[in-house]
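Protein sequences, first through last, are from chains A, B, C and D.
Quick note on numbering: the numbering used here labels position 136 of the first sequence as 204, and the sequence is numbered without any gaps.
Quick note on numbering: the numbering used here labels position 235 of the second sequence as 317, and the sequence is numbered without any gaps.
Quick note on numbering: the numbering used here labels position 231 of the third sequence as 621, and the sequence is numbered without any gaps.
Quick note on numbering: the numbering used here labels position 489 of the fourth sequence as 526, and the sequence is numbered without any gaps.
For glycine and all other residues, C-beta sits at the position ideal for the given N, C-alpha and C.
Here is the structure we will look at, set down as structure tokens.
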Amino acid sequence: MTLPATKTDTKTATRTAARTRWLQDNGVYVAVVALLLFNAVFTSNFLTLGNFRTQLVQAAPVLIVALGMALVIGTEGVDLSVGAVMALAAAIIPLYLGAGPLLAILMALVAGLTAGAFNGFLVAKVGIQPIVATLALLVGGRGLALVIADGQLVQLHDPAFLALGTDDLLGLPISVLIAALLAIAIAGLTNRTTFGRQLVAIGDNRKAATLAGLPVNRVLVGVYTLCGVLAAISGVLATSRLGASDPADMGLLMELSAITAVVVGGTPLTGGKVRVLGTVFGVILMQLVRATLIKHNLPDSIAQMIQAAIIVAAVYVARERR
Amino acid sequence: MITQAAAVRTKVLQRQGAAVALVLVVAVSWLVFPRFGSLDNLRDLALQGSFLAVIALGMTFVIITGGIDLSVGSLYALGGVLAAWGSQYGFLVALALPLLVCGAIGLVNGLLIARTNMAPFIVTLASLLFARGLLLAITDEGATTYQIAPDSAFVELGRGTVFGFGYPIFIAAVLCVLGGLVLNRTTFGQNVFATGGAEQSAILLGVPVAKTKIRVYTVSGTLAGLAGALTAAYLQSGVTVIGVGTELDAIAVVVIGGTLLTGGMGTVVGTVIGVGLIKVIQNVINQIGTLDSNYQSVVSGVFLLVVVVLQRTLRR
Amino acid sequence: TARESQQTTSSGGPAASAAQQQSAGPGCARSRTGYPQVELEGATVGFSQSEKETNPFRTAETQSIRDEAAKHKVNLLVTNAQSDLNKQISDIKSLLDRGAKLLIVAPLNSDGLQPAFDAAKAKQVPVVTIDRKVTSQPCTDYLTFIGSDFVEQGKRAAQQMIKATGGTGKVAILLGASGNNVTVDRTKGFKDGIAGTPGLTVVAEQTGEFDRSKGQAVMEQLIQSNPDITAVYAENDEMGVGAVTALKAAGKQPGKDVKVVSIDGTRTAVQLIADGGYTAVVESNPRFGPLAFDTLEKFGKGEEIPQNIVISDDEYDTTNAQQKLNNAY
Amino acid sequence: MPTETSAGPVIEVAGVTKTFAGVRALDDVDFALKRGEIHALVGENGAGKSTLIKVLTGIHTPDGGRVTRNGQISTIYQEVNLVPLMSVAANLFLGREPRTRFGLIDRTRRDADAAELLRGYGITADVTSPLGTLAVGEQQMVALARAVEADADVVIMDEPTSSLEPREVETLLEVVRKLHQEGITIIYVSHRMDELYRICDTVTVLRDGRNVHSGPLEELPRIELVSLMLGRSVGEIEKHGTTAFGEDHHADTRPVLEARGLTSTPRINGVDVSIRPGEVVGLAGLLGSGRTETAKAIIGALPLDHGTVFVAGKPVPRNVKAATRAGISMLAEDRKTEGIIPNLSVRENIVLAALPRLSRFGVISRSKQDRIVDTFVKRLRIKVSSPEQKVAELSGGNQQKVLLARWLCTEPRILLLDEPTRGIDVGAKAEVQALIDELAREGLAVLLISSELDELLDGADRLVVLRDGEVAGELEGAQLTREHVLKAIAAEVMDDAASHQNRHQNSHQNSR
Ligand SMILES: Nc1ncnc2c1ncn2[C@@H]1O[C@H](COP(=O)(O)OP(=O)(O)OP(=O)(O)O)[C@@H](O)[C@H]1O
Ligand SMILES: Nc1ncnc2c1ncn2[C@@H]1O[C@H](COP(=O)(O)OP(=O)(O)OP(=O)(O)O)[C@@H](O)[C@H]1O
Ligand SMILES: [Mg+2]
Ligand SMILES: [Mg+2]
């Protein structure tokens, strides 16, 4: 058994390696740029301010959820309950809106916090696999939201609350501004703080992190709680934009959109790494894909298959090489 | 020795946590709801469980390798549509077509996962979308529902009975027994465990990890297609609106059955028990009858939680 | 509080009376089926609802059945399949198991309920299907179908659209959920309806999945890429209302710059017409209770039952929305 | 695979080069393995030994060069590579299970065969229990048994003895000799000079990925071999002894650590340990005697039935976080699963446990970090291309140093070291030992667990001997001799260590 001599030019090999690595790290940015170029050429009325605004406004709630999801995924977990938490937030808003939008929003966030902390408790203290722990809330949470709302969609009229979804601040839609600020905050959290580094270490090797004396349970509960709160924020913004509390449909399948965006953005599902900017671009990429498919009036069947192909392609490029 | 007996007892409990729960739930339902134990109800329970069991069997293999297959719900629906469409060309086509197409999609899942190191979650999420898209494409965006001639042999596959128990029950039972044997008594089964237990080590031990993964996803896709075909035969048509969220049911069932989501450990028996549990609970919720439909999902969620926490506590 | 109560008070709107039409084919009498006679009063009747009662249509539908059941003093058993076809089959079997002698079924899907019908047939229990027509055999598999004609609804929406636009304009269609035959029929009816009006062209058709926020999101995209859209046909009110929000955000005046026509007849949409921000709504009448129980009673008495009983659907437009507001559900 | 009976080398490697992301692990290496020899492969940590082995076995494809194999190779890798959740028997026969008539796996026979086979290696554990429930050393023996039973022409062993106890080492060496007699060719990697000189015929020395010497081992004086490995002159090395431990330490104050009645059935039962500041206490015992468990119990990583740990007289809550805050640190035995955070950089691995101290209001100070990391990389001579390199890319020994650095930068009062020099090359080992000495002199209380008796005897001021999870004796001062320790460990003098039969009975007695 003899392996033939393969005296490859190591220099070219290194250069190719460097190029794949670059693409691996920056693939999602390249894809976004490519899609923008495609639309600029082939989609009518694409290069308008109003259009970009629409894309950003639609992406904002997904991004907010995806940020929390990225953190959870960084700990080698996953949170399937985010959509249900959004529904819970939506269901709670009209209950307290009479006493002012601030209280209503606060109560919605408290619901998100409670749900997230509950998930965190199940994962960290009880030791249940994240998928299953959060699946319980995915199944039951929306039901609970519907029970709270008595199964009804409720039209909202409070102008201050509705302004959240429609008004601008500093020339940007408020929801986009909030999403941007949250993205910056989460980026700082992951890269610059003890919490962020501990989170990543736990995701990479939980046993070692425990033996290193890291506050594993506290960090995990913290991460899931944060994810719950972010989902609730997203639910609040989406509700205000819709002008109605719609617990039956609010955030439906959001968990899959968020996970897709995070993974397409280069954060591996195996934990130990969180890419916040990648997540932002992952969300933008998926938003642009959806927009492109709608604007070109493709039937649902083709649209779904193209989305599948794009997800695979994006993740293929960003995957970790063996 | 007392301690040893206790240890054995805990071991049994650990393994059979779901079984214990099932026995309890069944016993209570039997006492509380007079119609629970009726033969008709039990037959329907078994039949409804059999479709899920076939899907969950494939999922068990996938999860033991440390993977996950989110595409089974879509493949289940796709399989049904293909079977119904194929039934106009006879029994064989009706049966083979869904198996081949869904198996092929499973194979692609496996290839992408094994050969390119992409996460199973995301690969199968993509094929969830793809299979739905394909289903819509072949049904004219869902406008066409293919019917199966009521007197065809293929319908008999789904509707025929022995002592009132439907054929799908026996098919699922045979498959589960086979699956158990394959898992525990063949090299492929051992490779499945090794792949999920410690992938890197398995590679060094000479286990064909990539091949094992490819096979496992192919099996999962094929079984989802089969479940779809059986369902189509039972419903006499290729219904397009089924299968949404079925992947989550299958995962829940497998996990309730004690299979570790991290891979390396699990049993087919556990999965079957998990199917039993979920179906019995659903049935009981129906027996209550007066429960508001919104509470039903709350009850399901709470129940899932209770079983999983119970199991986790027993395992300690 | 700011919470707007949407509780439907009673189901008995004036639209509940049916304009019965007997379609082709013989009627169905009990003598033909050989089923036993069941005295309606005091009987156990099962109702299998298909989807959660989270949208106004389902709420009103279930409520109507419940109200009418109370009137006839029957013992009503209700199940909800939660959009799961297999569960609906189980539900129906369990209703039979629990002693239902008469069944009312709101099918989740036109196809796939055959096993449930077979079970009912085996127990000689007549089944009235409501709101969605199934592909099984009337009189053998099920007794009769009571409901709207979805194709017809689409056609009427088209007429409203032609009237409102004067026959010219660019239309965007917000489709219902893919794979759903309501979507298919309402699309077909609308397209047939505008076929003779060359001035009206469909420039986009995208699914909003019968959901308000999806309808809104899709409309936002379409209004960007096709700023010249002058009309929207939404296959249910929820998507139409979502589209209104999107149009307003894009600086358009729904009902004026862009005509919006949809199907259902929910309170929100009709209120919008009354307020001048919506064009027209074709009703899809959910109040099946009286017709369903009437039919069962007649069947029991041995009368001939037509294969299809079409419930009359109302229409709301700018001329009548205000006074008919209380009919909306 | 047919074995060619040609007289040529079983494995031949010419001009092999292998580069990982900028690190040249192998650089133009020539290597030939002659049939029937026991070939020692030595070199410092990160010299490229494991990489060469992975090239030989085909796990890695070389960037350049030629590999010729003329036989079936079976390998025991450096880190135990078995499947922890599968049963011992399943691991042992994975891929070549005995069959029933119907082609199904014959589990009864498999389990019986496995038990029989392992008895020959002194392992009496239940073969149906998951492999992961065995101690690391026992797992290593299972891996050895598996590799040997594979009917290979070549058996490669990458540091097989690093987690073995003296008696198990004897068993292993005996297995090696037996294989040799059967004509099997062996590559043997170890940092333990004694073993090499006892069994090996030929030696290849790697340094920085290059083959710096190949030849008969006998002709090569020990000191010269070390000098080849380190690339330093003989004179420089002669100054060092076998271990780098210095004098006894002065430890006259009250104990800083007291562990009383640590019990976690069935693994440990009423273990008492106390350490004074500046004292090094050794934990001795056979494989599976509960040393690792004792250390884990002290740090709070093992759920206890009874027992309390006191630091400076105060009880410590039973969790790792509290123990760490009280000043206890533990270098875990299994660095792969319990030590390194593989995808984080060397820098982040080092500062991990000290993060709260290096940050303000939860925000990390990068400059403080860099300073600390720099200090430790220099002090422990960690071989890295940059502190930003992923720790998973380091060689085993360097990973161990990173972990040591992690603990040292938390400035602990009590340091629990579970096999701290496992897998570390001679140079680094001396450094670590000197470091332990130095730390003790600075007032640290050290608990030292080691399977190398010399290391314990030289390094510890006092020895606590464990047997079956109980304290079997304490040795101090003049009692610190080989004889005494072995007697305490095994409850008898080990003069008949060579006999399989005997050992089997002994371990049987021991386990009861
Ligand atoms: N997968 C990898 N990726 C990047 N670098 C690697 C990888 N494997 C090994 N290296 C590098 O190659 C060099 C040789 O490593 P190797 O594991 O062969 O050393 P070794 O001689 O076995 O050391 P030890 O005695 O510590 O086990 C080291 O510098 C190491 O960092
Ligand atoms: N996770 C576990 N579950 C069950 N038993 C275990 C587990 N870990 C260890 N044991 C058992 O506990 C006993 C003590 O093991 P321990 O690892 O403490 O031994 P040790 O003296 O440290 O040996 P080593 O030389 O491997 O460090 C052994 O019999 C071992 O089989
Ligand atoms: Mg090595
Ligand atoms: Mg140990």
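Through-space distance from residue j to residue i, alpha-carbon basis
i       : j       : result
Q596(C) : L565(C) : 6 angstroms
A390(D) : L282(A) : 7 angstroms
D582(C) : K545(C) : 7 angstroms
D371(D) : T345(D) : 25 angstroms
S311(D) : I451(D) : 11 angstroms
G605(C) : R144(D) : 60 angstroms
E425(D) : A465(D) : 22 angstroms
Y384(A) : T198(B) : 7 angstroms
T592(C) : N616(C) : Note that residue 592(C) corresponds to Val in the displayed sequence, not to Thr. One C-alpha to the other measures close to 11 angstroms.
Those residues which DSSP pairs with residue i across a bridge
i       : result
I110(D) : V191(D)
I619(C) : According to DSSP, I619(C) bridges with nothing at all.
A670(C) : V651(C) and D707(C)
C418(C) : I695(C)
M367(D) : L453(D)
S377(C) : Any answer about residue 377(C) is impossible in this case: the structure gives chain C only from 391 up to 719.
L320(D) : I486(D) and V501(D)
Any chain D beta carbon closer than 9 angstroms to residue i
i       : result
V282(B) : Note on identity: in this sequence residue 282(B) is Gln, with Val being the wrong assignment. Chain D, which has a Cβ nearer than 9 angstroms to the Cβ of Q282(B), makes this yes.
Chain A contact for residue i (CB, 9 angstroms cutoff)
i       : result
T331(D) : no
D665(C) : no
T555(C) : no
Cβ neighbour criterion (16 or more within 10 Å) applied to residue i
i       : result
L262(D) : buried
A277(A) : buried
A460(C) : exposed
L115(A) : exposed
P556(D) : The first residue shown for chain D is 38 and the last is 549, placing residue 556(D) beyond what the model contains.
V390(B) : buried
H343(D) : exposed
E238(B) : exposed
V109(A) : exposed
Nearest residue (CA-CA) to residue i, options the options
i       : options                               : result
I160(D) : E202(D), R133(D), E134(D) and G132(D) : E202(D)
L134(B) : L181(B), C258(B) and G215(B)          : C258(B)
L257(A) : W444(D), G399(D), A152(D) and K71(D)  : G399(D)
D93(A)  : A376(A), T335(A), S369(A) and T360(A) : T335(A)
S227(D) : V79(D), I260(D) and F413(D)           : V79(D)
I520(C) : Q504(C), D531(C), K483(C) and S538(C) : S538(C)
V114(B) : V366(B), N376(B), L392(B) and V388(B) : V366(B)
V244(A) : Q372(A), A102(A), S369(A) and V348(A) : V348(A)
C-beta neighbour in chain B for residue i, strict 9 angstroms
i       : result
Q439(C) : yes
Q596(C) : no
R121(D) : Note on residue identity: the sequence assigns Pro, not Arg, to residue 121(D). Yes, because at least one Cβ of chain B sits closer than 9 angstroms to the Cβ of P121(D).
9 angstroms Cβ cutoff, residue i in contact with chain C
i       : result
T122(A) : yes
A192(A) : no
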